[in-house]
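Visitor: Can you read through this structure? Questions will come right after.
There are 2 protein chains.
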Amino acid sequence: MSRTLHDVASGTLFGVALNYQGLLEQHLAAFEQAPYQKPPTKPVLFIKTPNTRNAHGGVVLQPAGERLQPGPALGVVIGQRASRVSLDNAMAHVAGYVVVNEFSLPEDSYYRPAVKAKCRDGFCALGPEVIARDQVTNPNQLDLKLFVNGQLRQENSTVHWVRDIAQLIAEISEFMTLHPGDVLITGTPEGRVDVQPGDRVEVEITGVGRLLNTIEAEVLA
Amino acid sequence: MSRTLHDVASGTLFGVALNYQGLLEQHLAAFEQAPYQKPPTKPVLFIKTPNTRNAHGGVVLQPAGERLQPGPALGVVIGQRASRVSLDNAMAHVAGYVVVNEFSLPEDSYYRPAVKAKCRDGFCALGPEVIARDQVTNPNQLDLKLFVNGQLRQENSTVHWVRDIAQLIAEISEFMTLHPGDVLITGTPEGRVDVQPGDRVEVEITGVGRLLNTIEAEVLA
């Protein structure tokens, strides 16, 4: 069974930064220095604003003079209000899963709120559909692949998450209420690649779907 | 004439960081050091997520074990789609103004995406109403006052903004589309104060209104 995106994934899009072990390890050295002094102890979140929403088959514009990078990720669609949810009870708050391509300009640091890099129009594609929770046996062990023009360019597995879905829901709902339709974008793995106008970009996640977007050059008036 | 909040301010809430000259000056020394090396050259934005929405008369909960600070600010409600808008044409995209109290936990740095400090439930009060653009003669010269239990605790003027409304709309719409109903929270001045459970907190902006909220202690189950 699948449900339409419009029905069940219409809420806030929360991105989780640094949620793949390989990516976090790449940044550990930097975190030892000022201003951090230590790695983050809680999930670091960012927001993909409503203007970033894009669909299966949608065009993503490469901003003039900027590099553009896709961000393959599993989206977790919240099914019921979650406030101070325990680890044991967390998964009951999930409605289903959706493939996400969380586009971004390259970020060389995690120091600044990243709205300008992450919130361009159309920079968050979701689709083709939401797959109900009970249709996905183990979301914490899914293969994630990025194809550019049919070539495999990035590959990882959700088994390498720093925090799994239950941990994310428990830790985030400690300080804010998640609502039905909100989407947790569970992180993009290390090894982001650049894409160019004309490219066909696909994210495939085992049992969840394959999301296609095409890149075009932004045309300035 | 006034319009209801529900009609015209239902979109994304964009916060602008460091938009008062006094506040920016306080941070200039830190910006000279790693990792910044220089002060920001573009508006630094953050998002107040939908769960933060609160109203005139609403209760704001002080999270257990945390300090809570109100953030008096003028909200600019967008009236028409704004993409790559020129300075001269920017103000035509404004529907009106609303008083905002942008609550936050204290932030000792601008290094991390601030979702956890800024996006608690109820942390963004707007109201009592949206005042139409033509009812406010000069939004770039308004007195802004914060009262706690009737005592004046913070005071500034929008004349001390780093960027005025037209500049913000022009610079932000360069990289993302603003939509009708979106709200630009034009910044909170330096001198944030702590509030406590039981406090009555009011933000007054000349000609725009006076927004009341009361603070209560969060009760953990």
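Read top to bottom, the protein sequences are chains A and B. In this text, residue positions in the first sequence follow full-length UniProt numbering: the first is 1, and each later residue adds one. In this text, residue positions in the second sequence follow full-length UniProt numbering: the first is 1, and each later residue adds one. Where is the CB? At the ideal position from N, CA and C, for every residue including glycine. On a predicted model such as this, the values are computed, not experimentally measured, just so you know.
1) Mark residue 62 of chain B as exposed unless 16 or more other C-beta atoms lie within 10 angstroms of its C-beta, in which case mark it buried.
2) What would DSSP say about residue 193 of chain B, mapped onto helix, strand or coil?
3) Where in the region 58-96 of chain A do unbroken runs of the beta strand (DSSP E), each at least 3 residues long, occur, reported from the N-terminal end onward?
4) Let me see if you follow: with CB-CB separation under 9 angstroms, is residue 119 of chain A close to chain B or not?
5) Please name the residue in A:55, A:167, A:22 and A:29 whose C-alpha comes closest to that of residue 154 of chain A.
6) Considering only residues of the same chain and omitting the five flanking positions on each side of residue 121 of chain B, which have a CB-CB separation below 6 angstroms?
7) Let me confirm a value: residue 149 of chain B is counted as buried when at least 16 other C-beta atoms fall within 10 Å, else exposed. Which label applies?
8) Let me know the beta strand (DSSP E) ranges lying completely inside the region 96-161 of chain B, each 3 residues or longer, listed in chain order.
9) Give me the chain B residues within the contact set of residue 45 of chain A, using Cβ-Cβ distance strictly less than 9 angstroms, ordered along the chain.
10) Should residue 192 of chain A be flagged as near chain B, meaning a C-beta pair shorter than 9 angstroms?
11) In angstroms, rounded to a whole number, what distance separates the CA positions of residue 271 of chain B and residue 56 of chain A?
12) What do you reckon, are the CB atoms on residue 78 of chain B and residue 180 of chain B nearer than 9 angstroms?
13) Are there three or more Cβ pairs, one per stretch, closer than 8 angstroms when the region 84-102 of chain B is compared with the region 167-183 of chain B?
14) Can you tell which of B:116, B:209, B:214 and B:168 has its C-alpha closest to the C-alpha of residue 41 of chain A?
15) Grouping DSSP H, G and I as helix and E and B as strand, with all else coil, what is residue 52 of chain A?
16) Taking C-alpha atoms, which residue in A:208, A:94, A:209 and A:202 lies nearest to residue 59 of chain A?
17) Which residue marks the beginning of the alpha helix (DSSP H) containing residue 9 of chain B, and which one marks its end?
18) My output table needs one value for residue 174 of chain A: the three-state DSSP class, helix, strand or coil.
19) Let me check understanding here. Comparing Cα to Cα, which of A:126, A:20, A:206 and A:139 lies closest to residue 162 of chain A?
20) Just curious, the beta strand (DSSP E) that residue 211 of chain B is in, first and last residue?
21) By a C-beta neighbour count over all protein chains shown, 10 Å radius and 16 as the cutoff for buried, is residue 192 of chain A buried or exposed?
22) Is any beta-carbon of chain B found at less than 9 angstroms from that of residue 27 of chain A?
23) Would you tell me roughly how many angstroms separate the C-alpha atoms of residue 15 of chain B and residue 131 of chain B, rounded to the nearest one?
24) Round the Cβ separation of residue 64 of chain B and residue 220 of chain B to the nearest angstrom and send it over; I've been treating them as touching at under 8 angstroms.
25) Taking only the alpha-carbon atoms, compute the straight-line gap between residue 159 of chain A and residue 27 of chain B and give it to the nearest angstrom.
26) Using the beta-carbon of each residue, which ones in chain A are nearer than 7 angstroms to residue 19 of chain B?
27) Tell me, please, whether the CB atom of residue 104 of chain A is closer than 9 angstroms to any CB atom in chain B?
28) Would the beta-carbon of residue 126 of chain A fall within 9 angstroms of that of residue 207 of chain A?
Guide: Looking at the coordinates:
1) By the Cβ-count criterion, residue 62 of chain B is buried, with 16 or more other Cβ atoms from all chains shown falling within 10 Å of its own Cβ.
2) The three-state reading of DSSP puts residue 193 of chain B in coil, since its state is none of H, G, I, E or B.
3) Within the region 58-96 of chain A, the complete beta strand (DSSP E) runs of at least 3 residues fall at 59-62 and 72-78.
4) Yes, its Cβ sits closer than 9 angstroms to a Cβ of chain B.
5) Measuring from the Cα of residue 154 of chain A, the nearest candidate turns out to be A:22.
6) Same-chain partners within the cutoff: 51.
7) With fewer than 16 other beta carbons inside 10 angstroms of its own, residue 149 of chain B counts as exposed.
8) The region 96-161 of chain B contains these whole beta strand (DSSP E) runs: 124-126, 130-132, 143-148 and 151-157.
9) Correct list: 113, 115, 116 and 119.
10) Not one chain B Cβ lies under 9 angstroms of residue 192 of chain A.
11) Given that chain B is displayed from residue 1 to residue 221, the structure contains no residue 271 of chain B and the question cannot be resolved.
12) It is a contact, given that the beta carbons lie within the stated cut-off.
13) Three or more beta-carbon pairs separated by less than 8 angstroms link the region 84-102 of chain B to the region 167-183 of chain B, which places the two stretches in contact.
14) Comparing Cα-Cα distances from residue 41 of chain A to each of B:116, B:209, B:214 and B:168, the minimum goes to B:116.
15) Three-state result, residue 52 of chain A: helix.
16) For residue 59 of chain A, the nearest C-alpha among the options comes from A:202.
17) Element bounds for residue 9 of chain B: n/a, residue is neither H nor E.
18) Note: residue 174 of chain A maps to coil in three-state DSSP.
19) Out of A:126, A:20, A:206 and A:139, A:20 has the C-alpha closest to the C-alpha of residue 162 of chain A.
20) For residue 211 of chain B, the uninterrupted beta strand (DSSP E) run begins and ends at 209-217, by DSSP.
21) Burial call: buried.
22) Closer than 9 angstroms: no.
23) Inter-residue distance for residue 15 of chain B and residue 131 of chain B is about 19 angstroms (C-alpha atoms, whole angstroms).
24) Contact annotation, residue 64 of chain B with residue 220 of chain B: C-beta distance approximately 6 angstroms; criterion of less than 8 angstroms satisfied.
25) About 41 angstroms.
26) Neighbours of residue 19 of chain B in chain A, taken as residues whose beta carbon is under 7 angstroms from its own, are absent, since the nearest beta carbon is some 13 angstroms off.
27) Closer than 9 angstroms: no.
28) Their beta carbons are not under 9 angstroms apart, which means residue 126 of chain A does not touch residue 207 of chain A by this criterion.
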